[in-house]
Amino acid sequence: MFDKILAAISLLALAGCSVAHSASETGDVPTIAADQQAFLDTCEPWDEWDKPAPPFKLHAHTYYVGTCGIAAILIDNNGSYLLIDTGTQKGAEIVLANIRRLDIEPEQIKTIAMSHEHFDHVGGIALVKEQTGAVIVSSYAAKETLATGLPSAGDPQQNSGHTPFTPPQGPIVTLIPDAIANVGLRKVTPIVTPGHTPGALSWQWQDCEGEKCDWIVYADSLSPISSDDYRLSAHPAYVAEYRAGLQRLREAKCDMLITPHPSSSQMIKRMKAGGLRGGLSCVDYADSIEQRLDKRLAQENATDQ
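Just add 208 to wherever you are in the sequence shown, counting from 1, and you've got our numbering.
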C-alpha cells in the first residue's frame with residue numbers, strides 16, 4: 209500500500225530547475241498576466257467563499273483554481289495532477305469548472321490533498337473524489353474528520369457550529385511526512401502545521417518555468433481562533449505542537465507564499481504590485497501568527513488573575 213502512496217505522490221515531480229531572479233534583481237518592470245488580471249477584476253480581498261473566480265497560473269505548472277474567497281491549488285506533472293483543497297460543496301463545483309476551463313479533465317487529477325479539515329476547505333471533497341477517482345491523502349489527525357464529515361474532538365472550533373460535510377467514498381491514505389519528503393526534493397512535501405486544526409498541513413514544492421524557479425509554499429490558515437468555550441492555555445501540549453509547526457514553516461524554502469484564505473497572505477495586494485514572488489515571506493507569516501497566538505494566550509491568562 210505504501211508503494212502506491214509513493215507512486216501517487218511521485219506524480220507530482222516537476223521539471224529540473226535552476227536559480228530564479230526577481231524583477232528587482234534583473235531591472236525588469238513587472239507586469240500582470242492577463243489571467244491574473246481577470247482574477248483581480250473579479251475578486252476583492254476577504255471575498256465570499258463561494259463567489260466564482262477565473263482560474264489563473266501562479267507559476268509554471270501551478271494553478272489557482274479556487275473561488276474568490278477560498279483557494280484551491282492545482283499542480284501539473286506531465287498531465288497528471290494534484291489538487292490541494294476543494295472548497296465547500298458549492299465551491300467544489302466552481303473548482304471543477306475552473307479545471308475544465310484550463311482544458312483539463314477531472315479524471316486527470318490523481319491525488320487530492322488538503323490544508324485543514326474544515327468544511328470551507330474540504331466540504332466538496334466527496335464531489336471531487338466522485339468525479340476524479342483520485343487518491344485522497346490526509347494527515348493522521350485529519351483522517352477521522354474527512355471520513356465522517358464531523359469536526360474532531362481536539363479541534364479548537366469543534367463547538368463553533370461548523371457545517372458537517374459529505375465524506376468521500378473509499379479509503380483515505382494517511383501521509384507519513386518523513387517518508388514522503390525523502391522521495392525527492394522536487395516533490396510536493398507536506399509540512400505538519402497543527403494549530404488552527406489538529407490535522408492541518410502546509411505544502412512545499414519547487415516549480416520551474418525555463419530558468420525561472422520558485423519554491424512555493426501553500427501555508428495553512430494557522431489562525432488561533434476557537435469556540436467560545438475553548439481555551440488554548442488549557443492545552444499546553446497542543447500549543448507546543450502549534451509553535452513547532454510555525455517553526456517548521458519558518459525554516460521552509462519559500463519564494464512564493466499562498467494561503468487557503470487568499471487575503472491571509474495579501475494575495476490580491478501582491479498581485480496588484482506586480483507578482484506573488486516575495487512581498488510576504490513564510491517567516492513573516494509565521495511570526496504574525498505567533499504574535500496572534502501570544503496575544504490570545506495573554507488574554508486568556510489575564511482572565512485568570
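Backbone N, C-alpha and C fix where the C-beta goes; we use that ideal spot for every residue, glycine too.
Here the structure is a predicted model, which means the values were calculated and not measured.
Distance, residue j Cα to residue i Cα
i	j	result
G295	I302	9 Å
N156	A279	Because the chain in this structure spans residues 209 to 513, residue 156 falls outside the shown range and cannot be described.
Y493	V343	30 Å
S410	P253	22 Å
H326	S489	25 Å
I283	P359	28 Å
Y272	E459	24 Å
Q499	A350	25 Å
S472	D255	12 Å
L393	K461	Any reading at L393 must be qualified, since the residue scores a pLDDT of 38, below 50, and its modelled position is unreliable; the value itself is stated next. Answer to the nearest angstrom: the Cα atoms are 11 Å apart.
R456	I497	13 Å
Q507	D495	18 Å
L304	I281	12 Å
L505	D512	11 Å
D552	T270	Nothing can be reported for residue 552: it is not among the residues displayed for the chain, which extend from 209 to 513.
I333	A445	30 Å
M464	K477	14 Å
D249	Q297	25 Å
N285	G331	26 Å
K491	G357	Correcting the residue identity first, residue 491 is Val in this sequence and not Lys. Cα to Cα, V491 sits roughly 32 Å from G357.
L503	G487	Inspection of the sequence shows that residue 503 is occupied by Lys rather than by Leu. Their backbone Cα atoms lie some 25 Å apart in a straight line.
Cβ pair residue i, residue j closer than 7 Å
i	j	result
S431	I380	no
Q412	V400	no
S288	K318	yes
Y348	G403	no
P372	A355	no
D328	W257	yes
Q244	M479	yes
I312	V336	no
Contact set for residue i: own chain, Cβ-Cβ below 7 Å, skip 5 residues either direction
i	result
A268	D415, C416, E417
G453	V400, T401, P402, G403
T275	W257, D258, K259, P260, A261, G295, G299, I302
T234	Confidence in T234 is poor, its pLDDT being 47 and thus under 50, which makes the residue's placement unreliable; the coordinate value appears in the next sentence. Correct list: empty, nothing qualifies.
Proximity to residue i [Cα-Cα], best of the options
i	options	result
T397	E508, I292, C251, D249	I292
K420	P314, R485, E338, T340	R485
G407	T374, K395, G378, E352	E352
V447	Y272, T405, L409	T405
G341	E315, A350, D437	E315
Q365	F247, S434, T250	S434
Y438	N306, Y272, A361	A361
L383	E498, M322, M464, L304	M322
N306	P263, L290, T270, Q339	P263
H443	K395, L501, P470	L501
A510	C462, D495, S441	S441
R308	G332, W423, K477, Q339	Q339
C251	I281, H469, M464	H469
G277	W423, N285, T467	T467
R290	K395, M464, L465, G331	A small correction: the amino acid at residue 290 is Leu; Arg does not occupy that position in the sequence shown. It is K395.
D436	L465, M464, G369	G369
Residues bridged to residue i (per DSSP)
i	result
D415	D422
K265	Y271
S489	In the DSSP output, where bridge partners are listed per residue, S489 has none listed.
L465	V425
I292	I281, A321
V343	T319
S409	According to the sequence as given, residue 409 is Leu; it is not Ser. Paired residue(s): V400.
I380	I344
Cutoff 8 Å; reference residue i; Cβ partners in own chain excluding five residues on either side
i	result
H239	The residue asked about is misnamed: residue 239 is Thr in this sequence, not His. The answer, listed in chain order, is G482.
G378	K337, I344
A241	F264, K265
Close Cβ partners of residue i (< 6 Å) along its chain, the five nearest in sequence each way excluded
i	result
H324	H404, T405, A408, D428
A246	P262
L310	P263
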